[in-house]
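Inspection log for the structure reproduced underneath, given as structure tokens.
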Amino acid sequence: MSIVNTSSDIVIFGAMGDLAQRKLIPALFQLESAELLGQDTRIIGVARHDEDNDSFCNICEASLNKFVKTHELEAEALTRFLAKVEYCPVNFTEADSYQELKNSLDMSAERARIFYYATPASIYGSISKNLTKSNCINTNSCVVLEKPIGHNLRSSNEVNDQVAEYFDETQIYRIDHYLGKETVQNLIALRFANPLFGSQWNQSHISHVEITVAEKVGIEGRWGYFDKAGQMRDMVQNHLLQLLCLTAMDPPDDLSADMIRNEKVKVLKALRPISAEMCNTHVVRGRYTKGLVEGNPVPGYMDEEGANPDSNTETFVSIKAEINNWRWAGVPFYLRTGKRLPEKLSQITIHFKPQPHFIFDESQRHLAQNKLIIRLQPEEGISLQILNKDHGLNKGMRLRSESLNLNFSQSFEQNRIPDAYERLLLEVIQGNQYLFVRRDEVEHAWNWCDQLMEHWKHENKAPLPYAAGSWGPKAADLMLIKDGNSWYEDQ
Ligand code: BG6
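At position 95 of the sequence shown the residue is numbered 95 (the numbering used here), and the sequence of numbers has no breaks.
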């Protein structure tokens, strides 16, 4: 299926929820503001609440005031946007209650219909069935599924099977919002448009790779959800593995969705399974205790509101991942992600191997590694660390490490970096699936994570403590030190 007409009915299930109000409505507003929505597009909010169009518009307007910068909330665009917004109350699990939704849809056969499930995955099957039974689906319909889809391979298969009864894979858009980040997409351009990197991107030239996704925030009142997931399911199974795939994959034959996704799947399949013994050497699992973040005292995970004293959930994971293929044999990919770390930072650091023979002063040998730092957020950009001669008559052939920096917001005319959801919604509207996760990707990612989480279950050890505001348990530093490496910010 390909949606060619950009005017569509965009139906958001869970329209009163946090995701819809914090991310989807603001993203759709930005698309309208950039005149990318199509004149006849309608946004139909669906939830159980008994609202009407006006009250729902008021709720959306309040969210826009909160989540869109004032200077971007231009009055004319706001009026245009709110004119497109409607509301329809539906009890998601009751087929009869979909009649009203059907009546509000544009029934022309060609009309593109996008059904966004911003709800728990446990009801994706039920919504799909009820939409189909009540004839809300035409040949130009698609569904957008939010993560987490299940909490392991088995449960994710259940959800995917239920949805697959009513929609084929070309109609299913599985969101990993990291794929919508401009800088994440730029990985493809950086790697495959620049011969300079293309020829160096392998085990002959790269010694190791770091992928850090650090957050300052804790679990933000989501204890109930988070405690069942933990950092492994919440961040590693999806965002970090996607970043790893884009960093490690072979060049796709072209930029079509399936070519890109085929290459990502090859990486996931080549990931070395983590055995029980490797849990001690290749994995660190942590949980924050109270501490200071930016100088402000914050409670520990177990002191957060709603905490269950029996919890054994991790808020930090660091893994030495290995990819068993020709390109990456012997190159560790150190993954690290955690809540309540000192800063919000998503960054990929490629460490190149040193020169085979060092002709400069021995005391400078430690400088001799080029690094490419791909800064995904914030201060999006790229920096290449190179060695220069230190300037001056009396410096001899002293070396100095310097950076070639490209800061995206300073370098590009349009200095507003769009939110990931804007890009993703636009791609759904245009029928492009390359930024969405195919079912086999989800399965291979779960497979790798499940094995590791099974070992944790058998070990039944508490996660290692780390003070909020630190970079995680010391063991995460030691894991690299044993290999003669260190995390980028420690260098
Ligand atoms: C979500 C996780 O997928 O990603 C959250 O569920 C996390 O726990 C968020 O905070 C991080 O996203 P971003 O775009 O702020 O890095």
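Even glycine gets a Cβ: it sits at the ideal position worked out from N, Cα and C.
Say yes only if the C-beta of Ser155 is nearer than 7 Å to one or more non-hydrogen atoms of the ligand BG6, and no if none qualify. no
Cβ of Asp546 versus every heavy atom of the ligand BG6: is any distance shorter than 7 Å? The requested residue 546 does not occur in the structure, where the chain is confined to residues 1 to 491.
Compute the Euclidean distance between the alpha carbons of Leu78 and Ala462, then round it to the nearest angstrom. 50 Å
Could you give the residue range of the beta strand (DSSP E) that holds Ser409? Run containing Ser409: none in the beta strand (DSSP E); it sits in the alpha helix (DSSP H), 408-411.
Other residues of its chain near Gln237: CB distance less than 6 Å, five sequence neighbours each side excluded: Ala445, Cys449
Secondary structure of Ile211, DSSP reduced to three states: strand
Determine the closest residue to Ala307 out of Pro332, Asp234, Leu345, Tyr225, with distance taken between C-alpha atoms. Tyr225
Evaluate Val217 with the Cβ neighbour count: other Cβ atoms within 10 Å of its Cβ, from every protein chain shown; 16 or more gives buried, anything less gives exposed. exposed
Taking only three categories from DSSP, how would you classify Tyr124? helix
Are the beta-carbon atoms of Val331 and Val209 separated by less than 8 Å? yes
Could you tell me which uninterrupted beta strand (DSSP E) segments, each at least 3 residues in length, are contained entirely in the stretch 324-398, listed from first to last along the chain? 333-338, 345-352, 371-377, 381-389
Minimum C-alpha distance to Arg42 - residue among Ala62, Ile12, Asn65: Ile12
As assigned by DSSP and simplified to three states, the class of Arg48: coil
Quick one: Cα of Val143 to Cα of Ile44, how far? 14 Å
Nearest to Gly180 by alpha carbon, out of Gln451, Glu459, Val428? Val428
Which residue spans inside the stretch 255-304 form an unbroken alpha helix (DSSP H) run of at least 4? 257-270, 278-282
Give the range of the alpha helix (DSSP H) segment to which Glu443 is assigned. 439-459
Taking 7 Å as the cut-off, is the beta-carbon of His151 closer than that to any non-hydrogen atom of the ligand BG6? no
Considering only heavy atoms of the ligand BG6, does any lie closer than 7 Å to the CB of His282? no
So, with DSSP's three-state summary, where would you put Asp477? helix
If we count the other Cβ atoms within 10 Å of its Cβ and call it buried at 16 or more, is Arg113 buried or exposed? buried
State the beta-bridge partners of Asp250 as determined by DSSP. Paired residues: none, contrary to the question.
Under a Cβ-count criterion, where at least 16 other Cβ atoms within 10 Å of its own Cβ denotes burial, should Ser409 be classed as buried or exposed? exposed
Selection from Ser311, Asn157, Met249 that minimises the alpha carbon distance to Asn202: Met249
How far does the beta strand (DSSP E) with Phe13 in it reach, from first residue to last? 8-13
For Arg416, the three-state DSSP class (helix, strand or coil): coil
Under the DSSP definition of a beta bridge, which residues are partnered with Arg174? Leu145
Find out if the Cβ-Cβ distance for the pair Val265, Asp440 is shorter than 8 Å. yes
DSSP-derived helix/strand/coil call for Pro465: strand
In this structure, does DSSP put Val4 in helix, strand or coil? Here the model assigns Val4 a pLDDT of 41, short of 50, so the residue's position is not dependable, and the following value carries that caveat. Here Val4 sits in coil by DSSP.
Just tell me which of Phe360, Ser275, Tyr117 has its CA closest to the CA of Ile172. Tyr117
Go ahead and label Trp96 buried or exposed: buried means 16 or more other beta carbons lie within 10 angstroms of its beta carbon, across all protein chains shown. What sits at residue 96 in the sequence shown is Asp, not Trp. Exposed.
Residues that DSSP places opposite Asn202 in a beta bridge: According to DSSP, Asn202 bridges with nothing at all.
Are there any heavy atoms of the ligand BG6 lying less than 7 Å away from the beta-carbon of Val293, as far as the coordinates show? no
Sequence-distant residues of its chain with Cβ nearer than 6 Å to Ser2 (five each side left out): Any reading at Ser2 needs caution, since the residue's pLDDT is 41, under 50, leaving its predicted position unreliable; the model's value is listed next. Excluding positions up to five away in sequence, the list reads Gly431.
Look at the alpha carbon of Thr289 and the alpha carbon of Pro465, and state the distance between them as a whole number of angstroms. 6 Å
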